Amino acid sequence: MDAVLSIRDLAVEFKTDTGVTRALVDVGFEVPRGQVTAIVGESGSGKSVTANCIMRLIQPPGRIVGGTIDFVPQGAPPFEIVSLAKRDPRLLELHGGLISMVFQEPMTALSPVYTVGNQVAEAILCHRDVSRRQAWRESAEMFERVGLDDIERRMHMYPFEFSGGMRQRVVIAMALVCHPEVLICDEPTTALDVTIQAEILTLIKDLQRELGNSVIFITHDLGVVAQIADQVVVMYQGRVLEIGTVRQVLKDPAHPYTRGLLAAIPGLAPKGQPLATIASVVRDADIETPHPLRRLADGRRVSLPADG
Ligand SMILES: Nc1ncnc2c1ncn2[C@@H]1O[C@H](COP(=O)(O)OP(=O)(O)OP(=O)(O)O)[C@@H](O)[C@H]1O
Ligand SMILES: [Mg+2]
Numbered sequence: 049m050d051a052v053l054s055i056r057d058l059a060v061e062f063k064t065d066t067g068v069t070r071a072l073v074d075v076g077f078e079v080p081r082g083q084v085t086a087i088v089g090e091s092g093s094g095k096s097v098t099a100n101c102i103m104r105l106i107q108p109p110g111r112i113v114g115g116t117i118d119f120v121p122q123g124a125p126p127f128e129i130v131s132l133a134k135r136d137p138r139l140l141e142l143h144g145g146l147i148s149m150v151f152q153e154p155m156t157a158l159s160p161v162y163t164v165g166n167q168v169a170e171a172i173l174c175h176r177d178v179s180r181r182q183a184w185r186e187s188a189e190m191f192e193r194v195g196l197d198d199i200e201r202r203m204h205m206y207p208f209e210f211s212g213g214m215r216q217r218v219v220i221a222m223a224l225v226c227h228p229e230v231l232i233c234d235e236p237t238t239a240l241d242v243t244i245q246a247e248i249l250t251l252i253k254d255l256q257r258e259l260g261n262s263v264i265f266i267t268h269d270l271g272v273v274a275q276i277a278d279q280v281v282v283m284y285q286g287r288v289l290e291i292g293t294v295r296q297v298l299k300d301p302a303h304p305y306t307r308g309l310l311a312a313i314p315g316l317a318p319k320g321q322p323l324a325t326i327a328s329v330v331r332d333a334d335i336e337t338p339h340p341l342r343r344l345a346d347g348r349r350v351s352l353p354a355d356g
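So the sequence shown is numbered by the working numbering: it starts at 49 and just counts up by one.
Shown next, in the form of structure tokens:
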């Protein structure tokens, strides 16, 4: 497999008043280049800690106590992430555009006091040697790509003037302007209402196909996994329980815990009415969706729960 990231025996501990919590225990999986890998698991299973290890964002009282993360970018020589010294310039490259992250709450990535256009342009200027005019032009292009309209006007607006879904589009634009080889999305849609969630999911998937980057998508929702992922990593209590293609994991889960996760969604596609995005990967799977199919503004159909 052409893996952009190979994670082996990763172990993380948090020292707390009551003792040491083993947040990750021998976590290992590969992230195939140019595909979407979903990490799924219930709250506290170690999804975010895993992502934070890749970004080297684990802070005390947390500590990486073992393991390796081999990173093989196309635009730079390969290196191992866990052993990088704090002042290693490759750590700056890593944060400076090789890997980008999108979080659940868009305002964690946006400043309230600058216009969104400035913030995206600044992301380019920070990492690349281009003129302000060029950065602004590239930002405008990226705003268009993430589906924002009336761009010249919107770029002069502030985050508070945007809806949650639009803000998340801005954050995705900001994450992608430096052409990261890996985009990590940590529950990027859970704070949004369901229709917008589906639009952001489709956007991330479409951009991934178009730009050919690798995506790590963190979620606790197997319905989301079905719509976006190529490969699935199932985590439970800091361990990897199961790894497989989305088809394998959804159709024929190896582990009882995964079967439990699947059972928790009453189904993934209504009988006789297969969900387009799911049917393409799990064509003959006997899974149904609990939700009716809805049509997005762009004509695509997704399975969504009722409003509320
Ligand atoms: N700052 C911290 N201090 C102490 N323990 C922590 C801290 N952050 C994480 N942990 C430990 O690591 C475990 C995994 O946390 P993590 O944030 O990765 O879960 P998650 O799978 O992302 O959950 P969620 O779906 O709720 O975001 C937690 O259960 C907790 O024991
Ligand atoms: Mg998390």
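We put the CB at the ideal spot given by N, CA and C, even for glycine.
Since the structure is predicted, the reported quantities are computational estimates derived from the model, not experimental observations.
With the rule of 3 Cβ pairs closer than 8 Å, the stretch 221 to 236 counts as touching the stretch 258 to 275. Classified as exposed, Glu258 has fewer than 16 neighbouring CB atoms from the shown chains inside 10 Å of its CB. Within the model, the alpha-carbon separation for Thr250 versus Asp278 is close to 14 Å. Short note on Asp234: C-beta closer than 8 Å to some heavy atom of ligand 2. Closer than 8 Å to some heavy atom of ligand 2: that does not describe the Cβ of Lys253. In the structure shown, Ala99 falls within a helical segment according to DSSP collapsed to helix, strand and coil. Nearest neighbour of Leu58 by Cα position, chosen from Leu158, Arg81, Leu255 and Val130, turns out to be Val130.
9 Å or more divides the Cβ of Val97 from the Cβ of Val273. In the same chain as Glu235, and ignoring 5 residues on each side of it, the C-beta atoms closer than 7 Å to its own belong to Gln152, Ile266 and Thr267, in chain order. Here Thr66 is exposed, its C-beta having fewer than 16 other C-beta atoms within 10 Å. Here the distance from the Cβ of Ile266 to the nearest heavy atom of ligand 2 is below 8 Å. Look at Tyr162 here: in three-state DSSP terms it is coil, with no helix or strand label. Three or more pairs of CB atoms, one per stretch, sit closer than 8 Å, so the stretch 90 to 104 contacts the stretch 278 to 289. Per the coordinates, the alpha-carbon of Ile252 lies some 32 Å from the alpha-carbon of Gly114.
Around Arg81, the same chain offers Asp50, Val52 and Ser262 as residues with beta carbons nearer than 6 Å, after the five sequence neighbours per side are excluded. The alpha carbon of Ala221 has as its nearest neighbour, out of Thr243, Leu142 and Gln256, the alpha carbon of Gln256. Taking the CA atoms as reference points, Ala302 sits about 16 Å from Phe77. Assignment of Leu105 by DSSP, reduced to helix, strand and coil, places it in the coil class. Per DSSP, the beta bridge partners of Tyr284 are Arg287. Excluding its 5 nearest sequence neighbours in each direction, Met103 has C-beta neighbours in its own chain below 8 Å: Leu142, His143, Ile147, Met149 and Ile232, listed in chain order. Linking Arg295 to Thr237 through their CA atoms gives a straight-line distance of about 22 Å. Of the residues assessed, Cys174 falls on the exposed side of the cut-off, its CB having fewer than 16 other CB atoms within 10 angstroms. In the structure shown, Arg176 falls within a coil segment according to DSSP collapsed to helix, strand and coil. Check the Cα spacing between Phe191 and each of Asp177, Val178, Val161 and Ala223: the tightest is with Ala223.
In this structure Pro154 touches Arg215 by the C-beta definition: roughly 4 Å separates them, less than 8 Å.
Classified as exposed, Ala133 has fewer than 16 neighbouring CB atoms from the shown chains inside 10 Å of its CB. For Pro109, the Cβ falls inside the 8 Å cut-off from some heavy atom of ligand 1. In the structure shown, Met205 adopts coil according to DSSP, grouped into three states.
Looking only at Cys226, Gly213, Lys299 and Phe208, the smallest Cα-Cα distance to Gly123 is reached by Cys226.
For Pro236, no beta strand (DSSP E) run applies, since DSSP gives it neither H nor E.
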